[in-house]
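Reminder that position 94 of the sequence shown reads as 93 in numbering that gives the first Met the number 0, one-by-one numbering, no gaps.
The beta carbon of each residue, even a glycine, is placed where N, CA and C say it ideally should be.
Right, one structure below, let's go through it.
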Amino acid sequence: MSSCQTILLKNLYLSLENSSQKADKSFIPDDITEERIQKHFDDTFEELFIELEKKYGEIEEMNICDNLSEHLAGNYYVKFRFEEDAEKAVADLNNGWFDGHAIYTELSPVTDFHEACCRQYQMGFQKIYENEYD
């Protein structure tokens, strides 16, 4: 296993907004408000952050992609303080579930989230959800 501080949890976050719309933002039900979307995000973010830090070690940064593209949508990027904590998390999390979804995780070379771009398709930057912890 190569040494990295960051792990990728693939497509783990399912946004209320993205699961209810098309790219043109049509077909969002009336009960899906901006406040409800933000609360769902904040609650999910906090729950996972606390669980990961408690089980595996100090987290320096955690982000969730807000991109609509399938290969980025809902990806969590978690940067641990120590490489050993990231390695331990990857080994353990691939056997788990979160919020009713199977967890698929791997080590990631991303260390600067603000400059991260899609290496698979050589395009674009990550669009990061804003959270109350930034």
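Can you give me the C-alpha to C-alpha distance between Lys-54 and Asn-74, rounded to a whole angstrom? Cα atoms of Lys-54 and Asn-74: separation of roughly 20 Å, rounded to the nearest angstrom.
Starting from the N-terminal side, write out each stretch of the beta strand (DSSP E) that is 3 residues or longer and does not extend beyond the stretch 82-117. Listed in chain order, they are 104-107.
When the Cα of Leu-7 is compared with those of Met-61, Tyr-76 and Phe-81, which residue comes out closest? The shortest C-alpha separation from Leu-7 is found at Tyr-76.
What three-state label does DSSP hand Lys-54 in the structure shown? Lys-54 falls in the helix class under three-state DSSP.
If you compare alpha carbons, which of Ser-2, Lys-9, Thr-5 and Lys-78 is closest to Gly-95? Taking only the C-alpha atoms, the option nearest Gly-95 is Lys-9.
Glu-86, buried or exposed, once every other Cβ within 10 Å from all chains shown has been counted against 16: Answer is buried; the Cβ neighbour count reaches 16.
Please classify Thr-43 as buried or exposed, where buried requires at least 16 neighbouring CB atoms within 10 angstroms. It is buried - the Cβ of Thr-43 has at least 16 other Cβ atoms within 10 Å.
Pull the bridge partners of Leu-8 from the DSSP assignment, please. Beta-bridge annotation (DSSP): Leu-8 is paired with Tyr-75 and Thr-104.
DSSP state of Ile-63, grouped into three classes? Strand.
I'd like to know whether the C-beta atoms of Leu-92 and Thr-104 end up nearer to each other than 7 Å. Cβ distance < 7 Å, so Leu-92 and Thr-104 count as in contact.
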